[in-house]
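Number of protein chains: 2
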Amino acid sequence: MQPGRTAGQRAGLTRETVLRAARELLAEGGLTALSMRALAGRLDVAPNALYSHVANKTALIDDLLDDVLAGVEAPAPDTGAPVTRLHQLMASTYTVLLAHPDLVPLYLSRQGARGPHAQRLGNIAAALLRRAGVPEPAASEALRVLIVYTIGFAAFTSHLPEGAGTEHQPGAAELHDNFGRGLGWLLTGIQRSRPS
Amino acid sequence: MQPGRTAGQRAGLTRETVLRAARELLAEGGLTALSMRALAGRLDVAPNALYSHVANKTALIDDLLDDVLAGVEAPAPDTGAPVTRLHQLMASTYTVLLAHPDLVPLYLSRQGARGPHAQRLGNIAAALLRRAGVPEPAASEALRVLIVYTIGFAAFTSHLPEGAGTEHQPGAAELHDNFGRGLGWLLTGIQRSRPS
DNA sequence: ACCTGAACACCGTTCAAGT
DNA sequence: ACCTGAACACCGTTCAAGT
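Taken in sequence, the protein lines are chains C and D. Here numbering that gives the first Met the number 0 is used: position 194 in the first sequence is 193, and no number is missing along the way. Here numbering that gives the first Met the number 0 is used: position 105 in the second sequence is 104, and no number is missing along the way.
Quick look at the structure:
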């Protein structure tokens, strides 16, 4: 019997409540705070109760990863050049990723980009590359390069050392600028590879 | 008393023997196989004996990370254009990183690039950017972009899904090509940003 | 200085059992 | 179907004690 519940009453866990609690744990204490046992503790259930709603910890995290990408806003269609909109899309992704610093390193190591939201973003970017006149197979390669660069830079930025933002140690603002400049270089190079 | 040693004899651990055993463990079973307890077991000592030679697991891994970078070969000086040599340097780094797939994701999350070998590579790349005519502060930004791109792509490549190399799933060879193409785009963009 | 025994404070996951 | 108790097989690290 757990506090907050009288005898015989079920915990009433849901897949959604589990995921929500996981996000809270992550927001409060980072990745190290997210253990199955801590998660169970927060929900006032035994650790193994979670396995009725989630296959395992890996599957749980995969869901969290894709959920984050839901926050990326696709640029308004038919406004500005395709390359400009590509820049906006990747910059928005970068910003959203940095709002969840602890998760970022996981995107690169896992297959990661296979959830529905990741696919949506991939399709948008692919369409923009086509519109920009980049032919296959360069477009597929460019897509992968843009994704890797964005996630990689976010992962790099996500764990700033203590004395960041002072002296020659760049802070979050400088790194954001740096990201944008590199993204511009990349898009310039991709455009120049077009057949003219 | 441990097997292989008679009573009263010391284990005779060294910082070097510990690091070597760690590398072996890593090569045989990947990152999950590298635990302090497994490491102690392989060296026939109690787990806490390791702490006489290494501050903690994080410090141990930091050493391993920088050691890997010792394998990166600097391009021969005064041969070819600076940009070509930059390409070679980063491509060599990419190859060396992929020889130790399990460690790659750690480079991005940690400060990582603060060991002696990482500094050496950074200095070489910075000199090449200067020679290529890239002024400050663009050169510093370009350096960071190149590093992040290279490590990021290696991290992405390092954990290939099962069915890789078939159908539309790219294998290691395709990804290596993809990395090189993206590196070229990046260097093109960086060069185009020079004042002419 | 270097190593051990024992312990502390944890992990993820499984299995049989209860309702 | 959903949850618990108990257990399995682990972790990294610290502390006091021995040589």
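Note that the Cβ used here is the ideal one computed from N, Cα and C, for glycine as well.
TODO: Quick one: using the 10 Å Cβ neighbour count with 16 as the cut-off for buried, is P2 of chain D buried or exposed?
DONE: Note that P2 of chain D has pLDDT 47, beneath the 50 cutoff, so the model's placement of it is unreliable and no number is given.
Open item on the list: Can you tell me whether D176 of chain C is helix, strand or coil according to DSSP?
Closed with: The three-state secondary structure of D176 of chain C, taken from DSSP, is helix.
Task: Outcome for D273 of chain C when other beta-carbon atoms lying within 10 angstroms are tallied against a minimum of 16 - done: A question about residue 273 of chain C goes unanswered here, because the residues of chain C that appear run from 0 up to 195.
Task: In chain order, each alpha helix (DSSP H) run of at least 4 residues that lies wholly inside the segment 55-116 of chain D - done: Listed in chain order, the alpha helix (DSSP H) elements of length 4 or more contained wholly in the segment 55-116 of chain D are 56-68, 81-97 and 103-108.
- [ ] With a cut-off of 8 Å on the beta carbons, I'd call A21 of chain C and L12 of chain C a contact; round off their distance for me.
- [x] Their Cβ separation, rounded to whole angstroms, is 12 Å, which puts A21 of chain C and L12 of chain C out of contact at 8 Å.
TODO: Provide the residue span of the alpha helix (DSSP H) that contains L49 of chain C, from first to last.
DONE: It is not in any alpha helix (DSSP H) - L49 of chain C carries neither H nor E in the DSSP assignment.
- [ ] Could you work out which residue in D:T83, D:L42, D:H99 and D:V53 is closest to G70 of chain D when comparing CA atoms only?
- [x] It is D:H99 whose Cα lies nearest to the Cα of G70 of chain D.
TODO: Mark E27 of chain D as exposed unless 16 or more other C-beta atoms lie within 10 angstroms of its C-beta, in which case mark it buried.
DONE: So E27 of chain D ends up on the exposed side.
TODO: For Q190 of chain C, name the three-state secondary structure that DSSP assigns.
DONE: In the displayed model, Q190 of chain C falls within a helix according to three-state DSSP.
Task: Reduced DSSP category for G121 of chain C - H, G, I as helix; E, B as strand; rest coil - done: Helix at G121 of chain C.
- [ ] Pick out whichever of D:L25, D:I123 and D:A141 has its Cα sitting closest to the Cα of V67 of chain D.
- [x] For V67 of chain D, the nearest C-alpha among the options comes from D:L25.
Open item on the list: Cutting at 6 Å between CB atoms, please list the residues of its own chain near P104 of chain D, excluding the five before and the five after it.
Closed with: Hits under 6 Å: A154.
Open item on the list: So I150 of chain D contacts chain C; which residues on that side make the cut at Cβ distance below 7 Å?
Closed with: Per Cβ cutoff of 7 Å: G151.
Open item on the list: Taking its Cβ as the centre, do 16 or more other Cβ atoms sit within 10 Å of T156 of chain C, making it buried, or is it exposed?
Closed with: If you draw a 10 Å sphere on the C-beta of T156 of chain C, you find 16 or more other C-beta atoms in it, and that means buried.
Task: N-terminal and C-terminal residue of the alpha helix (DSSP H) that G151 of chain D is part of - done: Residues A137 to S157.
Task: Cβ separation of I189 of chain C and V147 of chain C, assumed to be a contact under 8 Å, to the nearest whole Å - done: Here I189 of chain C is actually not in contact with V147 of chain C; their C-beta atoms are around 13 Å apart, not less than 8 Å.
TODO: Could you list the residues in the segment 53-78 of chain D with a C-beta less than 7 Å from some C-beta on chain C, going in chain order?
DONE: Within the segment 53-78 of chain D, no residue qualifies.
Open item on the list: Looking at chain C, is there any beta carbon in it that lies within less than 9 Å of the beta carbon of S192 of chain D?
Closed with: Between S192 of chain D and chain C, the shortest Cβ-Cβ separation is below 9 Å.
Open item on the list: Whether or not the segment 135-143 of chain C and the segment 87-94 of chain D are in contact is what I'm after, with contact meaning three or more pairs of Cβ atoms, one per stretch, closer than 8 Å; do they touch?
Closed with: Look at the beta carbons and you see the segment 87-94 of chain D not touching the segment 135-143 of chain C: under three pairs across the two are nearer than 8 Å.
TODO: Drop a sphere of 10 angstroms on the beta-carbon of T187 of chain C, count the other beta-carbons inside from all chains shown, and report buried for 16 or more, exposed for fewer.
DONE: Its Cβ being crowded by 16 or more others within 10 Å, T187 of chain C is buried.
TODO: Can you pull the chain C residues whose beta carbon is under 7 Å from the beta carbon of S108 of chain D, in chain order?
DONE: Neighbourhood of S108 of chain D in chain C, by CB distance below 7 Å: P104, A154 and H158, in chain order.
- [ ] Would you kindly report the start and end of the unbroken alpha helix (DSSP H) that includes A20 of chain C?
- [x] R14 to A32 is the span of the alpha helix (DSSP H), which, as asked, contains A20 of chain C.
TODO: Tell me whether the beta-carbon of G170 of chain C lies closer than 9 Å to the beta-carbon of L159 of chain C.
DONE: Taking 9 Å as the Cβ cut-off, G170 of chain C and L159 of chain C qualify as a contacting pair.
TODO: Report yes if the C-beta distance between Y106 of chain D and L96 of chain D is below 9 Å; otherwise report no.
DONE: Contact flag set, yes.
Task: Under 7 Å from the C-beta of L185 of chain C: neighbouring residues of chain D - done: The answer, in chain order, is W184, L185 and G188.
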